[in-house]
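Structure first, then comments.
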Amino acid sequence: MKKMLTSCLLLFALMTLISMTSAQSADVEIRINEEEQEGTFVVNISEYPTLFLEVAEEDRQKLAFDILDKSSFDASFFRMNSATGVVSIAKRLDRESVCDASVNCALEFNVAIQGKDGLSFSNIASVKVFVDDINDNSPNFPADQVVLEISEGAKVGTVLKLSGPQDLDSLPNNTIQRYDLTLNEPVFSISDTKNPDGSSFLYLKLEKDLDRETKAEYDFNIIAYDGGDPPRSDFLRVIIQVTDENDNAPKFESNAYNVNIREDTAVGSDVVRVRATDRDSGVFGRVEYRFSSKTSDAINSLFEINSTSGVVKLKARVEHTTGDTPYTVVVEAFDGGSPPSVVQTVATINVLNTGNNAPIVRIVTVSEGDTTEVSLSESAKRDDFVAFVNVEDTDEGSNGDVTCSLVNSGQFRLAELPNKGYKILLSGDVDREAVSSYDAAILCSDGGSPSLSTETPFTVVITDVNDNDPKFDLVGYATTVTENNAAGQYLLQVTATDKDSGDNSAITYGFLEPEALTFLSIHPQSGLVTARVPLDRENTPVLMYTLTAVDGGAEPRTGTARLTLTVRDANDNTPQLQGTPYRFTVSEGATAGHVVAVLSATDVDEGQNGQVDFFFAGSVNGEVPFTVHTNGTIEVTGVLDRETSDSYVFTVLARDKGTIPKSNSTQVTIRVTDINDNAPVILFPTNVNHSVVITTLPEEGIILGRVIAYDVDEGNASSLVYAIHSGDAEGVFSIDSETGKIFLADLNRLKNPFSYFVVLRVYDLGFPPLFAETRLQIEINFANVTDIDGLAGNQGNGGHKEESRDSYVIIVAVIGGATLVLSGIIIGAILFVLKSERKRKTRDNLSVLKNDYVPAPTKSSSAFDSDANILQSPERKYPESELSSSGVILSPKGLPPSQRPDAQKKVSFSLDEPDAEVRQFHAGNEMLLAVPMGHPPHHEASVDAWKRLASPDDMNSDTSGDSGTCDSGRGASDDDIHLDNSMDKRQ
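In mature numbering (1 follows the signal peptide of the UniProt record, and there is no 0), the protein residues as written are -23 to -1, 1 to 964.
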């Protein structure tokens, strides 16, 4: 005990020292470099004698050293020699990992110093190890290469920012000190800024003007050096691309172009090509061509230029006339700048004379002027005007006489207009959907020799009239979709065509029924049909609507088709149980296989999703004697006993057969109805309390006792009838069939001395009736009354006898009153226990023990014969064959807990008339009492009390020497009186 106390005090002292040292400077402070090898010496704690001044020099070798809390982060880097106190490095110590970028890096731990080998000493030394930085980290750029852009127009002083390197070392000399650029010319300079976390930014400053056309890219390295000896370094490759600006204008190869062409040069021929270049790049260096905006309409009608190639082409035929001046065309070259740079050049075009010329033919319409393509509505009629033909020939004489005709005329004819030209007329009906265009030509020839002719082709394009309805590809469309689809889900795409063209064939899709838009959407241009909302098959199993396709004509035409959308079922509905809550009854006599009920459920889904199976899903009662078949049938599977359990509650699960099934559940309550399957239980008389002793002359009509019994069945099956079955052939005794009170019926037939063994039966009124049987022993043993009366007459002291009799009456009254009071108290206690038992609603089985004094009868008919008149009443008549003799006698030693509160109420514990229960008898100078014996309470907690009140020591004797005139074979103690009074109060 003393050693344990010393250890506790030592531990307390150590903890106190730890808390004190944490608040003060360290006892030992030492500096080491990072990255030292494992096992490197750090410090020797034994060389700090101030830590153990109390220990004599010669005892210091008895000190033991150890690091406290070795698992802590700081202490994990060190180990200690317990005997020498030497601290060494336990594992790699990288300052940058331990302390990040901190200037000061220190590791702290505590060392326990304790005495050993009988030396009583202890102390805690705090150790702080400062870890110094070494140059073990090089500068490190975040990337190997960066690409930057800068405009060639950037001004001097422009700064480019980029992420700089980081050096994890902490000493200033070990961090980055300078940068070098590997540029051949001082185009850029460099500077930097450092961030608190050790990272940095670099700034490249433009030091001179840039010209992309001179140098488009700079490729160099930035080298970072730290201050170590030797210094460590890292480099970053930098590529700076100089982006272009539009600082150069296009430049023509020639300032002027001069060309000659013949007057018979074919239309579309190349006349001249101009070319310009631009030193800029990208869009700034892309050159395009155009005529000057000041160019005349005459030039624009004769010539055209390709904007990309710069080729000038002959757009129309040219003629040479005397005194003609050349054509002058101003051409511009421009780049892609904004605004573009523009330069101009001049192209001079001379037309050379070639002699006789062919006629010039031009086709002119009202709307389009000179053209080779004529538009004609398909609604035009025969002889309608198509176009005008203008013919020119500047030659003289017959060389200028021109005649014209139609080539491949087909649907057209030519009519001459004197001195004006010709007109083209429609010669028949046209249908654009059948033939959308017609190709023809005008052939005009002059009268020269040789004759020159010109053939001018033209095309008549039939313009559309909205004369066709849109037509769907299918007469009807059908598709399916699974319900609960996502809003916007694709369903199908419908397509319609219209033979018309242009707006007349531009189709807009829709639905004829406005309500269709509640569920569906259709893209007006593509015909894509989607679900507007999630669909529910149970509400809308099939959707049928009319699709419309409307063209874009001035008077629109419509085509239709039928859409049928079938909504496929998904298992989205739980089974619904019908007729809930489920409450059923079943007779406790029902055997296995009996059908209690058939449950039903509905599921609005279809197919297997709507097929429902039933399952048993557990019970608060534990295992129950029922099963639930998949078709909903509830069937009895076990033995039912209402007295054991009068109701069952369990859960039934209804589950559909979907791939992912859904289920519903509810409670089923089954109440077990009673049948007469329990015989009455007799509490008195029993094998241990079954005798009545009469030792003085009784009065006729005296109550000798009362049969106390109950039946755990309910209804008529719990109503009891009492009868004397045998043992009283002379009719000396009688019993009240309703109360069970036993009377002395005929004093004259009473034998003395004699022992009557009266067999008593208790019947219930069930169908068939059951009974229990017991035996009451009545001992008759009193002095001959004639002799007593004679002796009294001879002595002449009758008055004295009457006075003695009155004294006994008073004594009996006092004892009877006390008995009633005590019985009331006991009855109250029993009621309190029964009430508590009722609240707990216990379900313990009622154990019924067979009377070991009187065996239970085995025959029903013979036992019933003598008592049948008791059971025959106008209300219930039972044949003898239906009576059962399964009754038993309840022994107090094996009395079980009460089965049911209502069954307990069937037990009568007192007489209805208290005065009738205690009768006094006089025999000489004796006053004797006839009192019914008590019976056990119905609760396990009262068994001990019952054993005290009904001790088996007395019960086996027929009489007790101290008993009164009429008793049950045992002495009337205070306990008996208490029990009787309790029973009176219970009644």
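For every residue, glycine included, the Cβ atom is placed at its ideal position computed from N, Cα and C. Since this is a predicted model, take the numbers as computed values, not measurements.
Spell out the partners DSSP gives residue i in its beta bridges.
i, result
"A417", "F435"
"F734", "Q754"
"A324", "Y234, V306"
"F18", "S65"
"N376", "Its beta-bridge partners do not exist; DSSP assigns none."
"I7", "V106"
"T673", "T673 pairs with nothing; no bridge assigned."
"T551", "DSSP, once it has assigned bridges, lists no residue as partnering T551."
"S624", "R648"
Look at the alpha carbon of residue i and the alpha carbon of residue j, and state the distance between them as a whole number of angstroms.
i, j, result
"T751", "P552", "59 Å"
"P207", "N225", "51 Å"
"N100", "I90", "5 Å"
"T474", "N481", "11 Å"
"T636", "D441", "58 Å"
"T431", "D378", "13 Å"
"A547", "V589", "15 Å"
"R239", "T325", "14 Å"
"S269", "V307", "6 Å"
"A508", "K639", "26 Å"
"R56", "P173", "34 Å"
"D713", "L742", "16 Å"
"V658", "I701", "16 Å"
"V510", "D528", "28 Å"
"D450", "T523", "14 Å"
"E31", "T170", "57 Å"
"Q470", "A464", "16 Å"
"A686", "V572", "36 Å"
"L179", "K185", "19 Å"
"V831", "R648", "Reliability fails at V831, whose pLDDT of 36 lies under 50, so the model's placement of it is uncertain and the value that follows must be treated cautiously. Approximately 37 Å, taken between the alpha carbons."
So, is the C-beta of residue i closer than 8 Å to a C-beta in chain D?
i, result
"G425", "No chain D appears in the structure shown, which is made up of a single protein chain."
According to DSSP, is residue i helix, strand or coil?
i, result
"Q644", "strand"
"I807", "helix"
"L724", "helix"
"S246", "coil"
"G425", "coil"
"T663", "strand"
"V75", "helix"
"T614", "coil"
"G566", "coil"
"L28", "helix"
"L494", "helix"
"I652", "coil"
"T796", "helix"
"E369", "strand"
"K718", "strand"
"A918", "Low confidence applies here, because A918 scores a pLDDT of 34, under 50, leaving its location unreliable; read the following figure in that light. Correct three-state label for A918: helix."
"I127", "strand"
Could you tell me the boundaries of the alpha helix (DSSP H) in which residue i lies?
i, result
"E583", "Careful: E583 lies outside any alpha helix (DSSP H) and carries neither H nor E."
"C82", "Segment: none, C82 is in no alpha helix (DSSP H) and carries neither H nor E."
"I484", "Looking at the DSSP string, I484 is not in any alpha helix (DSSP H), and its letter there is neither H nor E."
"I276", "274 to 279"
Output the boundary residues of the beta strand (DSSP E) element that contains residue i.
i, result
"E393", "389 to 394"
"G398", "398 to 403"
"F268", "265 to 268"
"V458", "453 to 459"
"K138", "136 to 140"
"G682", "680 to 683"
"R214", "210 to 220"
"N198", "194 to 203"
"L291", "288 to 291"
task = Would you check if the region 701 to 719 and the region 608 to 624 touch, i.e. whether three or more CB-CB distances between them fall below 8 Å?
result = Not touching, per the Cβ criterion.
inquiry  = Three Cβ pairs or more, each shorter than 8 Å: is that satisfied between the region 214 to 225 and the region 182 to 202?
reply    = Because the criterion of three Cβ pairs below 8 Å is met, the region 214 to 225 and the region 182 to 202 touch.
ask   = With a cut-off of 8 Å, do at least 3 Cβ pairs link the region 452 to 471 to the region 529 to 547?
value = Yes, they touch.
query = Any contact of the region 309 to 329 with the region 229 to 249, i.e. 3+ C-beta pairs under 8 Å?
reply = Segments in contact, yes.
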